[in-house]
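Novice: Below you will find the structure I want to go over with you.
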Amino acid sequence: MQYLIIGAGPAGVNAAEALRRLDPDASVRIVGDEPEPPYSRMAIPYLLMERVDEHGTHLREQADHFADRGIIVTQGRVASIDPAAHQVTLHDGSRLGYDRLLIATGSSPASPPIPGIDGPNVSSCWTLADARAIAARAVSGSKVALIGAGFIGSIILEALAMRGVQLSVIEQGERMVPRMMGPQAGGLLQRWCESHGVAVHTGVSVEAIEAKGVRLAGGRFVEADLVITATGVRPNLGLLEGSGVKVEQGVLIDRHFRTNVADIYAAGDVAQGLDFCTGSYAVHAIQPTATDHGYLAAVNMSGRVAEYEGSVNMNVLDTLGLLSCSFGRWEGVDGGEHAELYSPDDYRYLSLQFEGDRLIGANAVGLFQHVGVLRGLIQRRTALGEWKDRLMRDPTRLMEAYMATTQVI
Amino acid sequence: MAWTRKILRVDLTNGTCTAEALNMAWANEYLGQRGLATKYLSEEIDPKCDPLGPDNKLIMATGPLTGTMASTGGRYSVITKSPLTGLVACSNSGGFIGAEMKNAGWDMIIFEGKSPEPVYLYVENDGAELRSAADIWGKTVWQADEILHKKHQDPQLRIACVGRSAEAGCLYAAVVNDLHRAAGRSGVGTVMASKNLKAVAVRGTLGVGNIADPKGFMDAVNAGKQVLADNAVTGQGLATYGTQVLMNVINGMAAMPTFNMKEVQFAGAEKISGEAMHEPRPSDGKPNLTTNAGCFGCTIACGRISTVDRGHFSVQNKPEYWGNSGGLEYEAAWALGSDTGIDDLDALTYVNFLCNEDGMDPISFGSTVAAAMELFQAGAITQEHTGGIDLAFGGAAALVKLAELTAKGEGFGRDIGLGSKRLCEKYGMPDLSMTVKGQEFPAYDPRAIQGMGLAYATSNRGACHLRGYTVASEVLGIPVKTDPLVTEGKAGLVKAFQDATAAVDSAGLCVFTTFAWSMENIAPQVDAACEGDWSVDRMLEVGERIWNLERDFNMRAGMTADQDTLPKRLLKEAANVGPAKGRVNDLDKMLPEYYALRGWSADGQITPETRARFGI
Amino acid sequence: MQRALHIDPGKCTGCLQCEMACSYENEGLFNPAKSRIKVFTFHHEGRFAPYTCTQCADAWCQKACPVDAIQIDRNTGAKVIVEARCVGCKVCTIACPFGTVNYNTASGKVIKCDLCGGDPACAKACPTAAITYIDADWTGLDKMRAYAEQSLAGTA
Ligand SMILES: Cc1cc2nc3c(=O)[nH]c(=O)nc-3n(C[C@H](O)[C@H](O)[C@H](O)COP(=O)(O)OP(=O)(O)OC[C@H]3O[C@@H](n4cnc5c(N)ncnc54)[C@H](O)[C@@H]3O)c2cc1C
Ligand code: SF4
Numbered sequence: 066m067q068y069l070i071i072g073a074g075p076a077g078v079n080a081a082e083a084l085r086r087l088d089p090d091a092s093v094r095i096v097g098d099e100p101e102p103p104y105s106r107m108a109i110p111y112l113l114m115e116r117v118d119e120h121g122t123h124l125r126e127q128a129d130h131f132a133d134r135g136i137i138v139t140q141g142r143v144a145s146i147d148p149a150a151h152q153v154t155l156h157d158g159s160r161l162g163y164d165r166l167l168i169a170t171g172s173s174p175a176s177p178p179i180p181g182i183d184g185p186n187v188s189s190c191w192t193l194a195d196a197r198a199i200a201a202r203a204v205s206g207s208k209v210a211l212i213g214a215g216f217i218g219s220i221i222l223e224a225l226a227m228r229g230v231q232l233s234v235i236e237q238g239e240r241m242v243p244r245m246m247g248p249q250a251g252g253l254l255q256r257w258c259e260s261h262g263v264a265v266h267t268g269v270s271v272e273a274i275e276a277k278g279v280r281l282a283g284g285r286f287v288e289a290d291l292v293i294t295a296t297g298v299r300p301n302l303g304l305l306e307g308s309g310v311k312v313e314q315g316v317l318i319d320r321h322f323r324t325n326v327a328d329i330y331a332a333g334d335v336a337q338g339l340d341f342c343t344g345s346y347a348v349h350a351i352q353p354t355a356t357d358h359g360y361l362a363a364v365n366m367s368g369r370v371a372e373y374e375g376s377v378n379m380n381v382l383d384t385l386g387l388l389s390c391s392f393g394r395w396e397g398v399d400g401g402e403h404a405e406l407y408s409p410d411d412y413r414y415l416s417l418q419f420e421g422d423r424l425i426g427a428n429a430v431g432l433f434q435h436v437g438v439l440r441g442l443i444q445r446r447t448a449l450g451e452w453k454d455r456l457m458r459d460p461t462r463l464m465e466a467y468m469a470t471t472q473v474i
Numbered sequence: 019m020a021w022t023r024k025i026l027r028v029d030l031t032n033g034t035c036t037a038e039a040l041n042m043a044w045a046n047e048y049l050g051q052r053g054l055a056t057k058y059l060s061e062e063i064d065p066k067c068d069p070l071g072p073d074n075k076l077i078m079a080t081g082p083l084t085g086t087m088a089s090t091g092g093r094y095s096v097i098t099k100s101p102l103t104g105l106v107a108c109s110n111s112g113g114f115i116g117a118e119m120k121n122a123g124w125d126m127i128i129f130e131g132k133s134p135e136p137v138y139l140y141v142e143n144d145g146a147e148l149r150s151a152a153d154i155w156g157k158t159v160w161q162a163d164e165i166l167h168k169k170h171q172d173p174q175l176r177i178a179c180v181g182r183s184a185e186a187g188c189l190y191a192a193v194v195n196d197l198h199r200a201a202g203r204s205g206v207g208t209v210m211a212s213k214n215l216k217a218v219a220v221r222g223t224l225g226v227g228n229i230a231d232p233k234g235f236m237d238a239v240n241a242g243k244q245v246l247a248d249n250a251v252t253g254q255g256l257a258t259y260g261t262q263v264l265m266n267v268i269n270g271m272a273a274m275p276t277f278n279m280k281e282v283q284f285a286g287a288e289k290i291s292g293e294a295m296h297e298p299r300p301s302d303g304k305p306n307l308t309t310n311a312g313c314f315g316c317t318i319a320c321g322r323i324s325t326v327d328r329g330h331f332s333v334q335n336k337p338e339y340w341g342n343s344g345g346l347e348y349e350a351a352w353a354l355g356s357d358t359g360i361d362d363l364d365a366l367t368y369v370n371f372l373c374n375e376d377g378m379d380p381i382s383f384g385s386t387v388a389a390a391m392e393l394f395q396a397g398a399i400t401q402e403h404t405g406g407i408d409l410a411f412g413g414a415a416a417l418v419k420l421a422e423l424t425a426k427g428e429g430f431g432r433d434i435g436l437g438s439k440r441l442c443e444k445y446g447m448p449d450l451s452m453t454v455k456g457q458e459f460p461a462y463d464p465r466a467i468q469g470m471g472l473a474y475a476t477s478n479r480g481a482c483h484l485r486g487y488t489v490a491s492e493v494l495g496i497p498v499k500t501d502p503l504v505t506e507g508k509a510g511l512v513k514a515f516q517d518a519t520a521a522v523d524s525a526g527l528c529v530f531t532t533f534a535w536s537m538e539n540i541a542p543q544v545d546a547a548c549e550g551d552w553s554v555d556r557m558l559e560v561g562e563r564i565w566n567l568e569r570d571f572n573m574r575a576g577m578t579a580d581q582d583t584l585p586k587r588l589l590k591e592a593a594n595v596g597p598a599k600g601r602v603n604d605l606d607k608m609l610p611e612y613y614a615l616r617g618w619s620a621d622g623q624i625t626p627e628t629r630a631r632f633g634i
Numbered sequence: 007m008q009r010a011l012h013i014d015p016g017k018c019t020g021c022l023q024c025e026m027a028c029s030y031e032n033e034g035l036f037n038p039a040k041s042r043i044k045v046f047t048f049h050h051e052g053r054f055a056p057y058t059c060t061q062c063a064d065a066w067c068q069k070a071c072p073v074d075a076i077q078i079d080r081n082t083g084a085k086v087i088v089e090a091r092c093v094g095c096k097v098c099t100i101a102c103p104f105g106t107v108n109y110n111t112a113s114g115k116v117i118k119c120d121l122c123g124g125d126p127a128c129a130k131a132c133p134t135a136a137i138t139y140i141d142a143d144w145t146g147l148d149k150m151r152a153y154a155e156q157s158l159a160g161t162a
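Going line by line, the protein sequences match chains A, B and C.
Each residue of the first sequence is one higher than the last, beginning at 66 in this note's numbering.
Each residue of the second sequence is one higher than the last, beginning at 19 in this note's numbering.
Each residue of the third sequence is one higher than the last, beginning at 7 in this note's numbering.
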């Protein structure tokens, strides 16, 4: 059996390792196009903060980790797939065969059509190569403008601020992290950033990027030596052209990670998979989903049947020391109920969304103990019973509710 | 070290919080908590000041072992001038807030002045600020606790709070922490409320370190834990029955004050005893006691967690009282039950809940109700005064009603909130007040346990069992058995217990450890934790110094030595049954020797030599 | 034979000796806020329940970690945070559906139970044997894990 995995990110690597365990005799190969050993994009902010060096971003600590396990890691860029021949073609023209193929090509930053976005003073923050370029230019005292204060933008925000740059953030939405948190929580983040010396412009779009900075709609000008964009991602689908693999926002997969084409699977940022909370198919573009995908896709590829229940969309964010998180259907559903605490003086916010007596989503600012039980309660679909009423009255009693309904106490 | 060496000073008048260094010279002389805070109080306030005026200060203090792994090392005390006694007040509490204060980096918090508006103090590590208490003033401790936890969205926040009784001026209001632990006695809660300070909410995540000899400390701590585990009282008795283990013991020896201390044995004692709390009740098959509970770091775990029978008249239609909360301790069961002649366990448990919920000292409350019942019996109080409540001894409904009224400061509850002394004076029969220096008695009749008479008479905070618990020796044989009916040797016994207790309190430990621990077990823990040499002798010397300082404060506050006495009843009316039948307390046989042992003059004054010896 | 922490909440008195022992072992301070084991109080019910990581066989935290900072202690089977690698991204804290990986603001890294290398301080400190370290067979751990993992992963 030959397993071929395209993409050496978290989804690909987790899949390869699982395949090796599940099918010890098979050939397992990853083809990735980046020059470095498999690394994690998520670690880039910490590289910029100088908490780790490049080795610290590697997905696996030991250099011989993959070789030791008989996993072949090849550098190369897959240009196209030929399902009929069960082969892929690399950019250099070479071909690799497969019995089962996993597409784990991740996503790339989407650049909006802003004049000047291709200028030399503009960079995204996506790859180690980007990180090196940013590190060279975003030095203490320099002026940096960050376009986009979504989830990833906000993570980059922290890294930049910690480098001691003069930072301005521009977000088109009405608030920071508009797709992760509601107005009150987003407002807390903004006020916190501002009180920590970061200029935050929300509800305003960028008209143009110029040599000396960013021109905002309405005429305001934000000076910047360096402009960093974090304006969303789009899945890397180019290699699928002509393959017959069906795509929407990403590669459409079923509950067994299969695409519509036999023996081709997909996982991670590139995949449009089942969302646990909504029951529909969506691209999450987050690390936990990518690793869950990678692991469970491998189980299915190995011939076992594992029906996927879907991933919970979730994020945790540290914005200059202010922690926030979001889970599942944080915005609630029709007919659901909602418990909320808002303590602006203390930068704390907690919101729980219920459907019946089950938790379906949550947002929190300032919560950093036992946060994972929010996922646990959502993903178990735990019937909370009377604890639902107690949580409605006092949502801080989350941990007790969790334990009382899931543990032997 | 073990001290954090930092004090938080809160000026309520001006709304400021400032950090200052702990006076280490004083710490070396007074160790911490009770002793050290008394030193601060006695240096900083005029002992003659109005206890409920802005010139009084209120100190929340931890000891060097508070917040460490030393068993029971979670204690803190509230030190101030008492409105009940006019003397120094030091009320000790377990629970968790003491350790939390220490974890936040503070040895003590000193409150001074008076806030113009109701406020609470919020402490998160180094950060401390006063915040408006507009939304919790007028609320019970339990309500305020929930509101504050929600407001700060922090389930780990530890809260000490006063209830409505304190706001209404009840003179024995407590400071309740962690819902059902309390710095209970002497009206420390009344002082807190008089300063418009409703609550103190603390979150500490810094940790307690500064251990001088970490390895030695852990060895001493582990050895100490083993001694507690191996001892029958601290290893088993207190966990199973709590302090309520004493109810049947003390009643059996006819040393159980009953009917406002007229009698010494209570027919209904068994029904309200620790054993009874284990009996399944007919209604739901559950016992009163759900479990035992430990305070911070405590390996004894004497705490009671109880429920009231849902069908009981006191809580019918009040589902908010159907859950578990702090159950009856011996002193509460005695004061609310035996002293009033009430043998209804559920009523007592409910009233105990109310005492926690609205911050009333159940000993003083129960004793005051007992006094009121005797005044009622004597015709000095009538149903006109009580608003129609029949105050006959044994009336559970009356007790429940009075608890509800006193908690809110309404109706006849205002009179009950005066305490026994002022109540009996008000109704013209001061001799019916069973108090020393204005504070109500606890649960050991000094006619049947002679040494306790001396301990009560000389206690620096008025009648109290926690200042010199000679019951340990006279009843339980710890460390050696002495005859409870004999007066010889009791002066020395009382002094030894008083000094040792002052040292134990000041270390931040619980005095219940001394059922098993002697100073030989305690000193090594302090010695390893703190810099300097803390031998047994030094600990006892510190204890004695503290005792003299408290006495000195009281004398300066206007106390006279003739207040070192007991109510007439205990000196003149003989016990009616039991081994002590025919006996009164022979205080006069013990007091002169006690003064002499203390190095005080025959008229109870601290002599210049003694002052010099302790640097007072 | 692998051993595991066995917790019997019925015996717990809520004294927090375990939290102090844990924080002392790991941080050199008595600091319940930094303990890897936490005791939860059910005030209304009158129960106390110590709670910590059960060292899942297929650990969610470990899979989610982007930088291989959660590794397996070969002796104990514990999933251990490799401090030097942890970047403090906190993904494991939301990935662990049991909520037993916590962020430590002081160090900027996460903390979780590591079974103290095979001699857990909490079990030693517990005065009532509410926490014991015993053969995994006896703890029902496998059943608990199986339940947990199956209900979460949805793998058949
Ligand atoms: C700065 C930053 C911070 C982030 N922080 C977080 C966070 O805190 N939490 C979180 O949950 N997520 C975070 N993410 C998102 C997270 O990194 C991604 O969800 C995750 O990396 C997805 O993994 P993947 O394996 O699907 O894709 P990727 O990690 O993108 O890996 C895909 C790999 O495939 C390669 N590839 C693409 N096309 C081809 C081809 N044709 N041939 C060969 N190779 C190809 C790519 O170059 C890449 O190396 C962050 C992302 C960034 C950029
Ligand atoms: S916080 Fe540390 S251990 Fe947890 S996922 Fe991130 S890097 Fe790994």
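For each residue, glycine too, the CB sits at the ideal point set by N, CA and C.
Source: prediction; values computed, not measured.
(1) Name the chain A residues that come within less than 8 Å of Glu-164 (chain B), Cβ to Cβ?
(2) Could you check the C-alpha separation between Trp-428 (chain B) and Cys-482 (chain B) for me, to the nearest Å?
(3) Would you mind working out which of B:Thr-22, B:Ala-592, B:Ala-117, B:Ala-388 sits nearest Glu-25 (chain C), comparing C-alpha positions?
(4) So for Gln-334 (chain B), helix, strand or coil by DSSP?
(5) If you drop the 5 nearest sequence neighbours on each side, which residues of the same chain put their C-beta closer than 7 Å to that of Cys-188 (chain B)?
(6) Rank C:Ile-137, C:Ala-142, C:Asp-141 by C-alpha distance to the C-alpha of Ala-55 (chain C) and give the top, closest one.
(7) Verify the contact flag: Gln-352 (chain A), CB atom, against every heavy atom of ligand 1, threshold strictly below 7 Å.
(8) May I ask you to list the residues that DSSP assigns as paired with Gln-127 (chain A)?
(9) With 7 Å as the limit, tell me which residues of the segment 373–387 of chain A have their beta carbon closer than that to any beta carbon of chain C; keep them in chain order.
(10) 8 Å is my cut-off, CB to CB: does Gly-431 (chain A) come that close to chain B?
(11) Whole angstroms are fine: how far does the CA of Asp-129 (chain A) sit from the CA of Arg-94 (chain A)?
(12) Identify the continuous beta strand (DSSP E) that holds Glu-297 (chain B) and give its terminal residues.
(13) Closer than 7 Å between beta carbons: that is the criterion. Which residues of the segment 402–426 of chain A meet it against chain B?
(14) Looking at ligand 2, does it come within less than 7 Å of Ile-100 (chain C), judged from the CB to the closest heavy atom?
(15) Within the continuous beta strand (DSSP E) that includes Thr-34 (chain B), where are the two ends?
(16) Within the present structure, is the beta-carbon of Ala-70 (chain C) separated from the nearest heavy atom of ligand 2 by less than 7 Å?
(17) Let me know the beta strand (DSSP E) ranges lying completely inside the segment 433–474 of chain A, each 3 residues or longer, listed in chain order.
(18) Closest to Leu-148 (chain B) by CA distance: which of B:Glu-130, B:Val-159, B:Lys-157, B:Gly-156 is it?
(19) Under the rule that 16 or more other beta-carbon atoms within 10 Å means buried, what is Lys-169 (chain B), buried or exposed?
(20) By alpha-carbon positions, which one of C:Arg-91, C:Lys-17, C:Glu-89, C:Asp-120 ends up nearest to Arg-42 (chain C)?
(21) Take Cys-4 (chain B) as the anchor and find which of B:Asn-374, B:Ala-162, B:Val-206, B:Gly-561 has the nearest alpha-carbon.
Specialist: Let me spell this out:
(1) One-based indexing of the second sequence puts residue 164 (chain B) at position 146. In chain order: Asp-459.
(2) Counting from 1 along the second sequence, the entry for residue 428 (chain B) is found at position 410. Counting from 1 along the second sequence, the entry for residue 482 (chain B) is found at position 464. The residue asked about is misnamed: residue 428 (chain B) is Glu in this sequence, not Trp. The alpha-carbon atoms of Glu-428 (chain B) and Cys-482 (chain B) are separated by roughly 28 Å.
(3) The residue you call residue 25 (chain C) lines up with position 19 of the third sequence. For Glu-25 (chain C), the nearest C-alpha among the options comes from B:Ala-117.
(4) Your numbering for residue 334 (chain B) matches position 316 in the second sequence. In the structure shown, Gln-334 (chain B) sits in coil (DSSP, three-state: anything other than H, G, I, E or B).
(5) Position 170 of the second sequence holds residue 188 (chain B). Counting only Cβ-Cβ distances below 7 Å, and skipping sequence neighbours, we find Thr-208, Met-378, Thr-424, Gly-427, Gly-435.
(6) The residue given as residue 55 (chain C) occupies position 49 in the third sequence. Comparing Cα-Cα distances from Ala-55 (chain C) to each of C:Ile-137, C:Ala-142, C:Asp-141, the minimum goes to C:Ile-137.
(7) Reading the first sequence from its first residue, position 287 is the one you call residue 352 (chain A). Because some heavy atom of ligand 1 lies under 7 Å away, the Cβ of Gln-352 (chain A) counts as near it: yes.
(8) Within the first sequence, numbered from 1, the residue matching residue 127 (chain A) stands at position 62. Answer is none; Gln-127 (chain A) lacks a bridge partner.
(9) Tyr-373, Glu-374, Met-379, Val-381, Asp-383
(10) Here residue 431 (chain A) corresponds to residue number 366 of the first sequence, with the count starting at 1. True, the Cβ-Cβ gap to chain B drops below 8 Å.
(11) Here residue 94 (chain A) corresponds to residue number 29 of the first sequence, with the count starting at 1. Here residue 129 (chain A) corresponds to residue number 64 of the first sequence, with the count starting at 1. Each residue's Cα considered, the two are about 15 Å apart.
(12) Here residue 297 (chain B) corresponds to residue number 279 of the second sequence, with the count starting at 1. Where Glu-297 (chain B) is concerned, there is no enclosing beta strand (DSSP E), given that its DSSP letter is neither H nor E.
(13) Leu-406, Ser-408, Asp-411, Arg-413, Leu-415
(14) Stepping through the third sequence from its first residue, residue 100 (chain C) is reached at position 94. Flag unset: Cβ of Ile-100 (chain C) not near ligand 2.
(15) Here residue 34 (chain B) refers to the residue found at position 16 when the second sequence is read from its first residue. Counting along the chain, the beta strand (DSSP E) containing Thr-34 (chain B) begins and ends at 34–39.
(16) On the third sequence, residue 70 (chain C) is found 64 positions in, with the first residue counted as 1. Under cutoff, so the answer is yes.
(17) none
(18) Here residue 148 (chain B) refers to the residue found at position 130 of the second sequence. Nearest C-alpha to Leu-148 (chain B): B:Glu-130.
(19) For the purposes of this step, residue 169 (chain B) is taken as residue 151 along the second sequence, with counting starting at 1. Buried, since its Cβ has 16 or more Cβ neighbours within 10 Å.
(20) Walking along the third sequence from the start, residue 42 (chain C) turns up at place 36. If we check each option's Cα against that of Arg-42 (chain C), C:Asp-120 comes out closest.
(21) In the structure displayed, chain B extends from 19 to 634; residue 4 (chain B) sits before or after that span and is not available.
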